[in-house]
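Notes to accompany the following structure.
4 protein chains.
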Amino acid sequence: MAEQVDRRQALVNAAFSAIAERGFEGFRLRPIAAAAGIDHSTLHHYFPTKADLIAAVLQHVTSQFEATMHVALEPAARLRRHLGEIAAAVVERPELFIVLDEFDLRARRDASMAATIKRDEQGWRDALVAIFEEGVEQRIWSVDLDVNASVELVIATLKGSRLRPETAEAVAKQLCDLFSTGARA
Amino acid sequence: MAEQVDRRQALVNAAFSAIAERGFEGFRLRPIAAAAGIDHSTLHHYFPTKADLIAAVLQHVTSQFEATMHVALEPAARLRRHLGEIAAAVVERPELFIVLDEFDLRARRDASMAATIKRDEQGWRDALVAIFEEGVEQRIWSVDLDVNASVELVIATLKGSRLRPETAEAVAKQLCDLFSTGARA
Amino acid sequence: MAEQVDRRQALVNAAFSAIAERGFEGFRLRPIAAAAGIDHSTLHHYFPTKADLIAAVLQHVTSQFEATMHVALEPAARLRRHLGEIAAAVVERPELFIVLDEFDLRARRDASMAATIKRDEQGWRDALVAIFEEGVEQRIWSVDLDVNASVELVIATLKGSRLRPETAEAVAKQLCDLFSTGARA
Amino acid sequence: MAEQVDRRQALVNAAFSAIAERGFEGFRLRPIAAAAGIDHSTLHHYFPTKADLIAAVLQHVTSQFEATMHVALEPAARLRRHLGEIAAAVVERPELFIVLDEFDLRARRDASMAATIKRDEQGWRDALVAIFEEGVEQRIWSVDLDVNASVELVIATLKGSRLRPETAEAVAKQLCDLFSTGARA
DNA sequence: AATGAATGAGTATTCATTCAT
DNA sequence: CATGAATGAATACTCATTCAT
């Protein structure tokens, strides 16, 4: 029983690494099976089709993004903490975000993949909305602040940082500073 | 003579559309040739290898991004104008940005592609640096403004908006507002 | 288990016949697979590349030339017997020698093939050297006999007979007669 | 007019070199045309089909083997001279003999090629027959000498030497010595 | 559960040849 | 004469999937 779970997980891990390194374009089942130490036809016992394995990888990836929101903190600090943590994650585990990018791009042509991603992002989006709404309520930010646009800005910025991990932290900090103090002389 | 150019261009256009619609993963030469109305072996007369065609598509894509900087404007207005124009382009021609995303992702595994993209982006990066440096000089923005981080923030944000065209304009405006006035109450 | 060996052998046999009949120039994999009664892609299950199949054919061919030297015989008789046996083989199985010729020619441009052939020929060459050295020692042949040149002469003659099987036996006999009566001590 | 002849010859020369270096297996028309400095479709103006060009190469090769028999010499000396000259040619222009080998092998599957080669060889064969018949007549060699077998032996030996130019001269000398001392009347 | 043999549709690429110019 | 565009049949090789064992 445990074997099964392990094998499945080994396959998902191998698939994840393969996608991170070579993208979907060069994603082939045989090397995945080989990396997991099993015959390539045995792989089909665990994942009947290639799409099934890919779906499992997506699950695996999204499951790593349990919202790390620190609700106890006041909004500005919470935003800073959140942006910092994600930027740090981009630096520490760039493959995770590379793979996410692959999935984001693929979701454009795969409805079920798009749905999974959207569901997963909703939690994130809601948490960000909460930050900004609380911040406005507490007069940290102006009542004129466009909450939705701010949320999308944060999301877009973080997504856009994924391909350049080396700039992720500076970018996150800069965005945070703009929200905190603005840029005027 | 004109025929040649047309055929080549027709192939590049067909390839561009195919990548926009199906990504690199499903990018096959036969349908491209068919879409251009020629035999698939004739395609190789124009582009000896698949990579050659892809390179031509990349050229075609990057050539559409002639810097649209309005140097006459003062820095803040220039930034606003620039962000607005790109956001508008994302809305009007989302495929262009989708394909750019495909190339960005592919560049991670293809050095020559990475070089082409980097060269192309350098002009953009330089123009943004100029905006912020002039802005700081003219005391529009604080001398403490991290110019490089700001540039990367703008780039990351715009790249991150590519996958969600519907939010691109609001996001660009929000970023611009933060630079102009900040968000404080 | 037996199936596997049979299929592999069937492919090698079919490949051998194809090379004998049409040479390397017209050597294509599909007809080989068809002759062995399998799909052309299944062929790649047994021989990943064309070169692998060709290498197997070479092995198969060289393995048929286990030295048929009769060490018990005295040198002159041994030479006569050897020449006679090879000439007879050229007559009985001309395809074997045709294919050998194809490989000899190909070896000029394929180092690993050249190595295999050379290794295989070394045994033959050594056995011939032994015949002539013993013959000189026993004063059957003159001490002035150039052993190496004699060995190369035998080899060249036999190789040169491959393309004209109908003359092979007369040629072998004639060469033998010359050695019998013309090189005496 | 002279241009035409030159172009044709340039193509034949280029084709000859290509066959010498890569054999028939890798013999392609485009590189031949390129080597001759013309477009690949212009080649078809001079040689409508690939086979036509190959036939011209064969003509070119066989034309280089004008019998170099020195009829004035007495038979044994004539044989020695002839063998020496061919062996020297093998050493000096190995490509010529390599290409001949390619043609010999190909002639097995191409009747018209076989005919051309046979016709060309007939002159050689006749000259060798004359040597041995005169030699027997003049009691240089025994009346028991098998003239035809001797001729075929000479031919086989020389053909067999083609693939090993480095041994050609020693082999020719050895064969000659055997005839000198071993077939005496 | 696991294997390896088998499949067939598909992949880029090649090449002799033809044809309009 | 010469060109380059165009063809189509062929070529080795790939890969997800299936099936008998």
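Chains as they are written, first to last, in the UniProt record's numbering: chain A, 1 to 185; chain B, 1 to 185; chain C, 1 to 185; chain D, 1 to 185.
All residues carry an ideal CB built from backbone N, CA and C; glycine is no exception.
Residue i, buried or exposed, once every other Cβ within 10 Å from all chains shown has been counted against 16
i: Asp-144 (chain A); result: exposed
i: Ala-2 (chain A); result: For Ala-2 (chain A), the pLDDT reaches just 47, beneath the cut-off of 50, and the residue's location in the model is therefore unreliable, leaving the point undetermined.
i: Asp-177 (chain B); result: buried
i: Lys-118 (chain D); result: exposed
i: Val-12 (chain D); result: buried
i: Val-151 (chain C); result: buried
i: Arg-139 (chain C); result: exposed
i: Gln-174 (chain B); result: buried
i: Thr-157 (chain C); result: buried
i: Ser-63 (chain C); result: exposed
i: Ser-161 (chain C); result: buried
i: Gly-37 (chain B); result: exposed
i: His-70 (chain A); result: exposed
i: Ala-87 (chain D); result: buried
i: Val-14 (chain C); result: Per the sequence shown, residue 14 (chain C) should be read as Ala rather than Val. Looking at its Cβ environment, which holds 16 or more other Cβ atoms inside 10 Å, Ala-14 (chain C) is buried.
i: Ala-20 (chain D); result: buried
i: Gly-26 (chain C); result: exposed
i: Ala-111 (chain B); result: exposed
i: Ala-18 (chain D); result: buried
i: Ala-51 (chain A); result: exposed
Cutoff 7 Å: residue i Cβ touching any chain D Cβ
i: Ser-150 (chain C); result: yes
i: Glu-25 (chain C); result: yes
i: Ser-63 (chain C); result: no
i: Asp-146 (chain C); result: yes
i: Thr-42 (chain C); result: no
i: Leu-29 (chain C); result: no
i: Thr-49 (chain C); result: no
i: Ala-156 (chain C); result: yes
i: Leu-153 (chain C); result: yes
i: Val-171 (chain C); result: yes
i: Met-1 (chain C); result: With a pLDDT of 40 at Met-1 (chain C), under the threshold of 50, the predicted position of this residue should be treated as unreliable, though the coordinate-derived value follows. No, Met-1 (chain C) lies away from the interface with chain D (no Cβ there is under 7 Å from its Cβ).
Within-7 Å CB hit, residue i to chain A
i: Asp-104 (chain B); result: yes
i: Ser-161 (chain B); result: yes
i: residue 210 (chain B); result: Because chain B spans 1 through 185 in this model, residue 210 (chain B) falls outside it and cannot be assessed.
i: Gly-182 (chain B); result: yes
i: Thr-167 (chain B); result: yes
Closer than 7 Å to chain C by CB, residue i
i: Leu-178 (chain D); result: yes
i: Ala-89 (chain D); result: no
i: Asp-101 (chain D); result: yes
Closer than 7 Å to chain B by CB, residue i
i: Gln-174 (chain A); result: yes
i: Ala-72 (chain A); result: no
heavy atom of the ligand SAH below 6 Å from residue i C-beta
i: Gly-84 (chain C); result: Among the ligands in the structure shown, none appear at all, so the ligand SAH cannot be discussed.
Check: For the stretch 98 to 105 of chain B against the stretch 121 to 138 of chain B, are there 3 or more C-beta pairs whose distance is under 8 Å?
Finding: No, because fewer than three Cβ pairs between the stretch 98 to 105 of chain B and the stretch 121 to 138 of chain B fall closer than 8 Å, the two stretches do not touch.
Margin query: Residues of the stretch 107 to 125 of chain A in Cβ contact with chain B at a cutoff of 9 Å, in chain order, please.
Written below: Ala-107, Arg-108, Arg-109
Item checked: alpha helix (DSSP H) runs wholly inside the stretch 138 to 180 of chain B, at least 4 long, in chain order -> Entirely contained in the stretch 138 to 180 of chain B, the alpha helix (DSSP H) runs reaching 4 residues are, in chain order, 147 to 161.
Note to self: With three or more C-beta pairs closer than 8 Å as the rule, is the stretch 28 to 41 of chain C touching the stretch 74 to 83 of chain C?
What the structure shows: no
Margin query: Quick test of the definition: if touching needs 3 or more C-beta pairs under 8 Å, does the stretch 153 to 170 of chain B touch the stretch 158 to 173 of chain A?
Written below: yes
Next item on the list: Could you name the residues of the stretch 6 to 24 of chain C whose beta carbon sits closer than 7 Å to any beta carbon of chain D, in the order they occur along the chain?
Entry: Arg-22, Gly-23, Phe-24
Checklist line | Inside the stretch 79 to 149 of chain C only - alpha helix (DSSP H) runs reaching at least 4 residues | finding: 94 to 107, 111 to 137
Notebook entry, point to check: Whole beta strand (DSSP E) runs in the UniProt domain "HTH tetR-type" (5 to 65) of chain D with 3 or more residues, listed along the chain?
Noted result: Taking only runs of at least 3 residues, no beta strand (DSSP E) segment lies wholly in the UniProt domain "HTH tetR-type" (5 to 65) of chain D.
Item checked: Any 3 or more C-beta pairs closer than 8 Å across the stretch 7 to 21 of chain B and the stretch 39 to 55 of chain B -> Remark: three or more beta-carbon pairs, one from each stretch, lie closer than 8 Å, so the stretch 7 to 21 of chain B and the stretch 39 to 55 of chain B are flagged as touching.
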